[in-house]
Amino acid sequence: MKRVLSFALSLVMLLSITGGLGLTAYAGDTYYETEDNDDYSSADYVPVNSTIYGVCSDYSYSDTDWYKFTLSSPAKVNVQFSFNRADADGDWYVYLYKYEGNGDYSTLDYEDVYVYDGSYTFSSLGLPAGTYFVKVYGYNSACGRQYSITPKCSYVSNWETEFNDEYTSADPLSMGTTRYF
Numbered sequence: 000m001k002r003v004l005s006f007a008l009s010l011v012m013l014l015s016i017t018g019g020l021g022l023t024a025y026a027g028d029t030y031y032e033t034e035d036n037d038d039y040s041s042a043d044y045v046p047v048n049s050t051i052y053g054v055c056s057d058y059s060y061s062d063t064d065w066y067k068f069t070l071s072s073p074a075k076v077n078v079q080f081s082f083n084r085a086d087a088d089g090d091w092y093v094y095l096y097k098y099e100g101n102g103d104y105s106t107l108d109y110e111d112v113y114v115y116d117g118s119y120t121f122s123s124l125g126l127p128a129g130t131y132f133v134k135v136y137g138y139n140s141a142c143g144r145q146y147s148i149t150p151k152c153s154y155v156s157n158w159e160t161e162f163n164d165e166y167t168s169a170d171p172l173s174m175g176t177t178r179y180f
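If you want it as structure tokens, here you go:
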């Protein structure tokens, strides 16, 4: 009995030490921005359905925060940008990009989010597997104010996928099936 108890206690201690080192990350966890994440090549990774907290610390545009998430297969995605609303003058510029490779990315969405408006959620998009970036920079009272980003993801097969704006890239639709957009 002592051996079992000793083993269990050792296992709990090992798991708590490992978790404290940040060696394991699971979807749904909470993360915090690290500097220097001022361009896409040094973006902080956030697993889908997890939240990362950040602060634009500079009152100019020199502290731009970049985050990235990866979809393993096509998915319905909406990105939540949250913060505590305030009666103040300031705003964040929030961009959603798809990484195209070789340092190229395309803009999927953009929003100017005011401190006095409250949080913002990008419209749901059906996105193909790949890497995506969120870029944030603040102005006036948005600087120094904490925000969070949560890329929410549902892996579903019947959601319209981008980029299907031309007949050559249309989503296949079989008789008797439903597509959501």
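Just so you know, we're using numbering that gives the first Met the number 0 here: the sequence shown kicks off at 0 and counts up by one. All residues carry an ideal CB built from backbone N, CA and C; glycine is no exception. Owing to the predicted nature of the structure, the values given are computational and were not obtained by experimental measurement.
Check each candidate in the options and name the one with the smallest Cα separation from residue i.
i    : options                  : result
G89  : G143, P150 and I148      : G143
T149 : N101, Y136 and L95       : L95
Y104 : Y113, Y131 and V47       : Y131
D64  : Y44, V76, S49 and A128   : Y44
L70  : A85, K97, N101 and E32   : K97
V135 : S81, L126 and G125       : S81
Y138 : Y92, G102 and F68        : Y92
F68  : C55, A128 and N83        : A128
N77  : S140, Y119, T106 and S41 : Y119
Y31  : G102, Y146 and K151      : Y146
S140 : S49, S41, R84 and Q79    : R84
S41  : L126, G102 and T106      : G102
Roughly how many angstroms lie between the CA atoms of residue i and residue j, to the nearest whole one?
i    : j    : result
D37  : V155 : 33 Å
D116 : E99  : 32 Å
Y39  : Y66  : 7 Å
F197 : V133 : In the structure displayed, the chain extends from 0 to 180; residue 197 sits before or after that span and is not available.
A87  : V114 : 6 Å
V47  : E34  : 21 Å
L10  : D28  : Note that L10 has pLDDT 43, beneath the 50 cutoff, so the model's placement of it is unreliable and no number is given.
P73  : Y52  : 26 Å
L20  : D62  : With a pLDDT of only 33 at L20, under 50, the local geometry of the prediction cannot be trusted, and the value read off the model is given with reservation. Distance between the alpha carbons of L20 and D62 is about 27 Å.
V54  : E110 : 17 Å
A7   : C152 : Note that A7 scores a pLDDT of 45, beneath 50, so its modelled location is shaky and nothing firm can be said.
S49  : S56  : 23 Å
L126 : Q79  : 16 Å
L124 : T106 : 13 Å
V112 : K75  : 23 Å
Among all the DSSP beta bridges, which residues are the ones paired with residue i?
i    : result
P150 : V78
F121 : F121 pairs with nothing; no bridge assigned.
Tell me where the beta strand (DSSP E) around residue i begins and ends.
i    : result
D108 : D103 to Y113
V135 : G129 to N139
Report the start-end ranges of each beta strand (DSSP E) in the region 19-99 that is 3 residues or longer and not cut off at the edges. For secondary structure counted as the beta strand (DSSP E) over 3 or more consecutive residues, the region 19-99 holds these complete runs in sequence order: 29-31, 50-54, 64-70 and 74-82.
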